[in-house]
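What the sequence shown shows, in the working numbering, is residues 129 to 209, in sequence order. To start, the structure under review is shown below, and the notes come after it.
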Amino acid sequence: MDDAQPTDQTTSDNTGKKKGAYVDPATCIGCTLCTQVCPNVYEMQDDGKSKAVNPTNDTEEKIQESIEACPVDAISWKDVE
Numbered sequence: 129m130d131d132a133q134p135t136d137q138t139t140s141d142n143t144g145k146k147k148g149a150y151v152d153p154a155t156c157i158g159c160t161l162c163t164q165v166c167p168n169v170y171e172m173q174d175d176g177k178s179k180a181v182n183p184t185n186d187t188e189e190k191i192q193e194s195i196e197a198c199p200v201d202a203i204s205w206k207d208v209e
């Protein structure tokens, strides 16, 4: 059983940059799968598309799961501040 709570975690590549989720609005079809997998990261917007409003607000594993769940590959890792 996974009792992990979102803790604003990010991943880093070998350059040490922090990574978070990014949704390409031009590619997103508004299927809501990402919001189902990571509701603490994504929100549906008025235009019917998803946005990563808290791009690091879940575990790396859950964010990766949301990336893989996207049927149109609209979600990717992106450097965050």
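Ideal placement from N, C-alpha and C gives every residue a C-beta, glycine not left out.
Check your understanding: Smallest Cα separation from M172: which of A202, T160 and P183?
Key -> Selected option, being the one with the closest Cα: T160.
Check your understanding: If you measure from the CB of N168, is any heavy atom of the ligand HEM nearer than 6 angstroms?
Key -> Ligands displayed in this structure: none; no statement on the ligand HEM is therefore possible.
Review point. Which residues bound the alpha helix (DSSP H) around E209?
Key: From DSSP, E209 is part of no alpha helix (DSSP H); its letter is neither H nor E.
**Study point:** Residue from C166, E209, D207 and K147 whose Cα sits closest to the Cα of S178
**Key:** Ranking the options by Cα distance to S178, first place goes to C166.
Exercise for review: Could you give the DSSP three-state label for Q133: helix, strand or coil?
Suggested key: For Q133, the predicted model reports a pLDDT of 47, less than 50, meaning its position is unreliable; a value from the coordinates is still stated below. If DSSP states are grouped into helix, strand and coil, Q133 belongs with coil.
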